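Protein chains in written order, with full-length UniProt numbering: chain A, 1 to 231; chain B, 1 to 231.
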């Protein structure tokens, strides 16, 4: 892990441990650099990351300040980690319904920028928090990039495995979101009725070099899912 | 407008004008600096901004690349501009239903970090694209920061006025999002029935110095609203 990421995590830990309120002023760049025995440049990268993550804000000529913690129970829409990270603390479990190799349809090929017929992993999962199902997920992984997957991996965190197991660098994502009515087959997984409204989010994840590797359709239960975006 | 923002806009214009595809490689930092007759530092700031806006991605040791344009008709959830900017091109109109000064309730005071009873502007607006209503908005502005508002301003872009008229520096935002069922009074504005599902987004906008000035509740029509998040 790069040094500036380590420092960012340490600062976030401290904000949490000391329960610092929004607007609390933190040490300045020079002080942070000397405290962590790194260059000011490293601290600048740390601060940029913390700002992107919504943990701090910087006021020119005035200093670095803590940002308020998000409300509890909300899922971040800007972290490129799937949703597992946010919910780990909240006893999230994933149950694999399907894991198989299929041929890319036109829709999948368009999104994954591959050829129709190319082999992709098709994974269906049901996600629950404390036993309450809140999301039904259908994901397609380009096998040219995601060369291996199995049920044990999919029950845990696929993204953790991609980074640590396959050494994949996850880059950025596009997410498309709207209210939709579910079909009966999908409604059943969410303990809903056909045509009930859900929050429907299509997600495309790219490697750091800009190749799409994961195309997902996520159906969120309207009563058990809420989201936040800090920007 | 700072030079690096101007350059960012110019690069975005060019990507659009030339209809460049995702993955198209752009000139490198040195070339861009000489092209725009600015320092490499300025270009670094430009690239950071373009990356945040989802217009480019950078691959270490390899270059700067165009990011795919978002699907048409989607509203960005990470731009701190209200939604007007995205939709200007799409003939968005805003109709003011209410504009009055009220006393902050507990909920408003908590969100705007002011005192219960403090004067706030209460603005209700209906937003439409090509005549189709897609959003009913209730906003509360702290009068200590937003010292003046009128109907003419609210029919146009309030954020434009805050920046240009009141010289307010808009900093960051928190957005909270879920599916909700609407009450009859609100349903009517959206041409929906009571208890119909909507996408409900609560937004908090802060000045660059971290003070919340706008607390909004937005009810989006499920059939005419879709959103995207690039991160």
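For every residue, glycine included, the Cβ atom is placed at its ideal position computed from N, Cα and C. Remember, predicted model here, so these are calculated numbers, not experimental data.
May I ask you to list the residues that DSSP assigns as paired with residue i?
i: residue 98 (chain A); result: A:124
i: residue 199 (chain A); result: A:179 and A:220
i: residue 174 (chain B); result: A:230 and B:204
i: residue 63 (chain A); result: A:59
i: residue 129 (chain A); result: A:92 and A:132
i: residue 103 (chain B); result: B:119
i: residue 25 (chain B); result: B:65
i: residue 215 (chain B); result: B:140 and B:204
Any beta carbon from chain B within less than 7 Å of residue i's own beta carbon?
i: residue 209 (chain A); result: yes
i: residue 40 (chain A); result: no
i: residue 215 (chain A); result: no
i: residue 1 (chain A); result: no
i: residue 231 (chain A); result: yes
i: residue 159 (chain A); result: no
i: residue 118 (chain A); result: no
i: residue 77 (chain A); result: yes
i: residue 23 (chain A); result: yes
i: residue 179 (chain A); result: yes
i: residue 199 (chain A); result: yes
i: residue 212 (chain A); result: no
Any C-beta of chain A sitting closer than 7 Å to the C-beta of residue i?
i: residue 132 (chain B); result: no
i: residue 193 (chain B); result: no
i: residue 63 (chain B); result: no
i: residue 59 (chain B); result: yes
i: residue 226 (chain B); result: yes
i: residue 175 (chain B); result: yes
i: residue 4 (chain B); result: no
i: residue 172 (chain B); result: yes
Distance check for residue j and residue i, CA to CA, integer angstroms please.
i: residue 97 (chain B); j: residue 128 (chain B); result: 13 Å
i: residue 130 (chain B); j: residue 104 (chain A); result: 37 Å
i: residue 45 (chain A); j: residue 4 (chain A); result: 6 Å
i: residue 197 (chain B); j: residue 186 (chain B); result: 12 Å
i: residue 67 (chain A); j: residue 117 (chain A); result: 47 Å
i: residue 217 (chain B); j: residue 52 (chain A); result: 24 Å
i: residue 113 (chain B); j: residue 146 (chain B); result: 14 Å
i: residue 85 (chain B); j: residue 152 (chain A); result: Only weak support is given to the placement of residue 85 (chain B): the predicted model assigns it a pLDDT of 47, under 50, and the value that follows is read from those uncertain coordinates. Between residue 85 (chain B) and residue 152 (chain A), the C-alpha separation is close to 45 Å.
i: residue 34 (chain A); j: residue 7 (chain A); result: 12 Å
i: residue 220 (chain A); j: residue 138 (chain A); result: 12 Å
i: residue 134 (chain A); j: residue 75 (chain A); result: 11 Å
i: residue 167 (chain B); j: residue 160 (chain B); result: 10 Å
i: residue 15 (chain A); j: residue 61 (chain A); result: 22 Å
i: residue 189 (chain A); j: residue 195 (chain A); result: 13 Å
i: residue 204 (chain A); j: residue 144 (chain B); result: 42 Å
i: residue 202 (chain B); j: residue 177 (chain B); result: 6 Å
i: residue 156 (chain A); j: residue 226 (chain A); result: 22 Å
i: residue 19 (chain A); j: residue 107 (chain B); result: 22 Å
i: residue 124 (chain B); j: residue 191 (chain B); result: 16 Å
i: residue 47 (chain A); j: residue 158 (chain B); result: 31 Å
i: residue 154 (chain B); j: residue 162 (chain B); result: 11 Å
i: residue 37 (chain A); j: residue 9 (chain A); result: 16 Å
Measuring from the CB of residue i, is there a heavy atom of the ligand MN at a distance below 6 Å?
i: residue 28 (chain B); result: With respect to the ligand MN, the structure shown offers nothing to examine, as it has no ligands at all.
Between residue i and residue j, which are expected to be in contact by the criterion C-beta below 8 Å, what is the C-beta distance as a whole number of angstroms?
i: residue 101 (chain B); j: residue 121 (chain B); result: 6 Å
i: residue 126 (chain A); j: residue 95 (chain A); result: 5 Å
i: residue 222 (chain A); j: residue 179 (chain B); result: 4 Å
i: residue 210 (chain A); j: residue 65 (chain B); result: 6 Å
i: residue 29 (chain B); j: residue 43 (chain B); result: 5 Å
i: residue 229 (chain B); j: residue 77 (chain A); result: 5 Å
i: residue 212 (chain A); j: residue 111 (chain A); result: 7 Å
i: residue 140 (chain A); j: residue 215 (chain A); result: 5 Å
i: residue 63 (chain B); j: residue 25 (chain B); result: 5 Å
i: residue 208 (chain B); j: residue 169 (chain B); result: 4 Å
i: residue 173 (chain A); j: residue 173 (chain B); result: The pair is not a contact, with the Cβ atoms about 19 Å apart (cut-off 8 Å).
Residue range of the beta strand (DSSP E) that residue i falls in?
i: residue 141 (chain A); result: 132-142
How would you write the range of the alpha helix (DSSP H) that residue i sits in, first residue to last?
i: residue 41 (chain A); result: 40-52
i: residue 74 (chain B); result: Per DSSP, residue 74 (chain B) belongs to no alpha helix (DSSP H) and is neither H nor E.
i: residue 5 (chain B); result: 3-17
i: residue 189 (chain B); result: 184-189
i: residue 35 (chain B); result: 29-35
i: residue 151 (chain B); result: 151-155
i: residue 148 (chain A); result: Looking at the DSSP string, residue 148 (chain A) is not in any alpha helix (DSSP H), and its letter there is neither H nor E.
i: residue 162 (chain A); result: 158-164
Taking only beta-carbon atoms, is residue i less than 7 Å away from chain D?
i: residue 2 (chain B); result: Reference to chain D is not applicable here, since the protein chains of this structure are A and B.
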